[in-house]
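Going by numbering that gives the first Met the number 0, the sequence shown wraps up at 136, each residue one higher than the last.
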Amino acid sequence: MKKVLFLCTGNSCRSQLAEAIVNARMGDMWQAVSAGTKPAGYIHPKALEALSEIGIQHTGSSKRVDEFQGVDFDLVVTVCDSAAEECPVWLGKGKRVHHSFPDPAKAEGTDEEVMEVFRAVRDDIEKEMIALLKTYS
Numbered sequence: 000m001k002k003v004l005f006l007c008t009g010n011s012c013r014s015q016l017a018e019a020i021v022n023a024r025m026g027d028m029w030q031a032v033s034a035g036t037k038p039a040g041y042i043h044p045k046a047l048e049a050l051s052e053i054g055i056q057h058t059g060s061s062k063r064v065d066e067f068q069g070v071d072f073d074l075v076v077t078v079c080d081s082a083a084e085e086c087p088v089w090l091g092k093g094k095r096v097h098h099s100f101p102d103p104a105k106a107e108g109t110d111e112e113v114m115e116v117f118r119a120v121r122d123d124i125e126k127e128m129i130a131l132l133k134t135y136s
């Protein structure tokens, strides 16, 4: 089984969405984990809600990238520009790829408008990350 690490700054939204989606949709081929360069210490409740809406229950936690030093990943994907800048080189074996998604935690508006942003980012992550991982399978 191949391993992928998804990195973002806070490890509370985008990388968590990617981890949960890949484990749910491609868990027979890929084991996904996520981490942050400056972890928030929690998973955003709206990210969990967005996952729940598509039948994914996620129980991960916000983790620091240092926790994965020495782990050999097949692929390391940065999902925000800030993480790509802070982790310009991955010293492990895995190939590094960057694919930026907007930060849904920065969305403003009514509760439903903010949730729509989380849904859009979730759907983009699902489409793009599954396509990406299929090219490395």
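Using N, Cα and C, we set each Cβ at its ideal position, and we do this for glycine too.
Quick one, which of the options has its alpha-carbon nearest residue i's?
i	options	result
CYS79	SER33, ILE55, HIS97	HIS97
SER11	GLU112, ARG121, LYS126, GLN30	ARG121
MET0	TYR41, THR77, PHE72, ARG95	PHE72
VAL75	LEU132, ARG118, GLY9	LEU132
HIS43	TRP29, ARG13, MET25	ARG13
GLU125	MET25, GLY9, PRO38	MET25
LEU4	LEU47, VAL70, SER51	VAL70
ALA49	ILE129, MET28, VAL113, GLU127	VAL113
Looking at chain B, is there any beta carbon in it that lies within less than 8 angstroms of the beta carbon of residue i?
i	result
VAL120	Going by chain labels, chain B is absent from the structure shown, which holds only one protein chain.
Spatial neighbours of residue i within its chain, please: CB distance less than 7 angstroms, with the 5 preceding and 5 following residues excluded, ordered by chain position.
i	result
GLN68	none
GLU116	The sequence shown places Val at residue 116, not Glu. Contacts found: PRO103, ALA106.
TYR41	SER11, SER61
Straight-line CA distance for residue i to residue j?
i	j	result
HIS57	LYS94	26 angstroms
GLU107	ALA119	14 angstroms
CYS7	PRO101	11 angstroms
ARG63	GLU111	30 angstroms
Return the chain-ordered list of same chain residues with a C-beta closer than 6 angstroms to the C-beta of residue i, the five sequence neighbours on each side being excluded.
i	result
ILE53	none
ILE55	ALA19, ALA23
LYS92	ASP71
TYR135	LEU74
ALA46	CYS12, GLN15, LEU16
Taking 7 angstroms as the cut-off, is the CB of residue i close to at least one heavy atom of the ligand NAD?
i	result
SER14	This structure lacks the ligand NAD; in fact it carries no ligand of any kind.
Meets three-Cβ-pair contact criterion under 8 angstroms: the region 30 to 45 and the region 15 to 22: yes
Start-end ranges of the alpha helix (DSSP H) lying completely within the region 7 to 62, minimum 4 residues: 13 to 25, 44 to 52
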